[in-house]
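Each number in this note's numbering comes from the position in the sequence shown (counting from 1) with 47 added on.
A quick write-up on the structure given underneath.
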Amino acid sequence: MNKSILTNLIAVTITIYGLFSPIFSTEIFMAGLFALSGGLTNWLAIHMLFEKVPLLYGSGVIPNRFEDFKNGIKNLIMNEFFSSTILEKFLKNKTDKAGEDILKSLDYDKIFIKLVEAIEESSLGSMLNMLGGKKALDPLREPVKKKIKELFNDISLKNNDENFNPSEKLKEDIENIIDKRLEELTPEHIKIIMKEMIQKHLGWLVVWGGVFGFLIGLLLGILGSLN
48 MNKSILTNLI
58 AVTITIYGLF
68 SPIFSTEIFM
78 AGLFALSGGL
88 TNWLAIHMLF
98 EKVPLLYGSG
108 VIPNRFEDFK
118 NGIKNLIMNE
128 FFSSTILEKF
138 LKNKTDKAGE
148 DILKSLDYDK
158 IFIKLVEAIE
168 ESSLGSMLNM
178 LGGKKALDPL
188 REPVKKKIKE
198 LFNDISLKNN
208 DENFNPSEKL
218 KEDIENIIDK
228 RLEELTPEHI
238 KIIMKEMIQK
248 HLGWLVVWGG
258 VFGFLIGLLL
268 GILGSLN
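Dropping the structure here:
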C-alpha cells in the first residue's frame, strides 16, 4: 500500500480510537488529530506540485513551469553528463587508429555503455542516480550510437584537419538529439517524468509529517491534562 495513504489511515484510526478510549482519551485523540493534520498537509503540498488545485495559488508548479523544466533537463544533460571535458577524455584513446580500422573494430553499444559508466563513476554519479540511474539515459542510446559512428567517419576523413574538434562535434550532435527529443515533450510528459523521479521519495514527507504531528499532538495532550 502507498505509504502516504497508510500513514493517513493510521492517523485516522488513532484519532477515532481517541474518541472512545476509556483511558488517555484526550492524549490519544490529540496525537491522532495532529498526525492526520501533518500527513494531510504534506500530502496536499506534494499533490499541488503536480496538479492545479482550484483557488490555491501556486499549485501545479511543475506543469506551469514546463519550459523551465525542459531547459533545465537539457542544461543538466549537456553541462554535466556530456560536457566537453567528459567527451574529450572519452575520445582521447579512440582516435589513434586510422580510417577503416577504427570503423571495423568499434562496438558502438560498448562505447555507449562505457560513456555511461564514466558518468556513473564520476562525481556526477549521484546526480544520475537521482534521475533514475542508467535507464534515464537509455532513450539516448540509439541516437548517440548513430552520432558516434558518424563522428568516427568524420574523424577518418578529417584527421589531417587541425581545426576539426571531434569532442565538440559529438557534443553538438548530442545537443541536437536532445533538442529533438525535448520538442516532443508536453507538460503532461514532464509531469509524468518528475513523478517517476521523485514522488516515491516525497511520500516520506507524508510519513514524517504524520510522525512529528503525532509527537506534537501527544505532547500538547499531556500538557493539557496536567493543567
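All C-beta atoms, glycine included, are put in the ideal place defined by N, C-alpha and C.
Computed from a prediction, not measured in an experiment: that's the story for all the values here.
Along the alpha helix (DSSP H) that carries residue i, what are the first and last residues, could you check?
{"i": "Asn89", "result": "72-97"}
{"i": "Asn49", "result": "Premise fails: Asn49 is in no alpha helix (DSSP H) and is neither H nor E."}
{"i": "Glu243", "result": "Taken as a continuous stretch (DSSP letters only), Glu243 belongs to no alpha helix (DSSP H), as it is neither H nor E."}
{"i": "Pro69", "result": "Run containing Pro69: none; DSSP gives neither H nor E here."}
{"i": "Val108", "result": "108-111"}
Do residue i and residue j have their C-beta atoms closer together than 8 Å?
{"i": "Met125", "j": "Ile225", "result": "yes"}
{"i": "Ala92", "j": "Gly257", "result": "no"}
{"i": "Lys50", "j": "Gly250", "result": "yes"}
{"i": "Pro234", "j": "Pro110", "result": "yes"}
{"i": "Ala82", "j": "Gly268", "result": "no"}
{"i": "Ile61", "j": "Ile52", "result": "no"}
{"i": "Lys192", "j": "Asp156", "result": "yes"}
{"i": "Ile120", "j": "Leu273", "result": "no"}
{"i": "Asn89", "j": "Leu232", "result": "no"}
Taking the straight line between their C-alpha atoms, what separation do you get for residue i and residue j?
{"i": "Lys264", "j": "Leu96", "result": "Note that residue 264 corresponds to Gly in the displayed sequence, not to Lys. Approximately 27 Å between the Cα atoms of the pair."}
{"i": "Glu348", "j": "Leu87", "result": "Residue numbering for the chain in the displayed model covers 48 to 274; residue 348 lies beyond these limits and cannot be assessed."}
{"i": "Lys194", "j": "Lys247", "result": "35 Å"}
{"i": "Tyr104", "j": "Glu98", "result": "12 Å"}
{"i": "Leu184", "j": "Phe67", "result": "55 Å"}
{"i": "Lys117", "j": "Asn223", "result": "14 Å"}
{"i": "Leu80", "j": "Gly107", "result": "27 Å"}
{"i": "Asn122", "j": "Ile158", "result": "23 Å"}
{"i": "Arg112", "j": "Tyr64", "result": "43 Å"}
{"i": "Pro190", "j": "His94", "result": "35 Å"}
{"i": "Glu243", "j": "Leu56", "result": "24 Å"}
{"i": "Lys218", "j": "Ser84", "result": "50 Å"}
{"i": "Pro69", "j": "Leu266", "result": "19 Å"}
{"i": "Glu197", "j": "Ile245", "result": "36 Å"}
Quick one: measure Cβ to Cβ for residue i and residue j, integer angstroms, because I've assumed they're closer than 8 Å.
{"i": "Thr54", "j": "Val254", "result": "5 Å"}
Using the Cβ count rule (16 or more neighbours within 10 Å means buried), how would you classify residue i?
{"i": "Leu187", "result": "buried"}
{"i": "Ile237", "result": "buried"}
{"i": "Leu270", "result": "exposed"}
{"i": "Val163", "result": "buried"}
{"i": "Lys161", "result": "exposed"}
{"i": "Lys227", "result": "exposed"}
For the ligand COA, is there a heavy atom less than 7 Å away from the beta-carbon of residue i?
{"i": "Ser84", "result": "This structure does not include the ligand COA; it has no bound ligands of any sort."}
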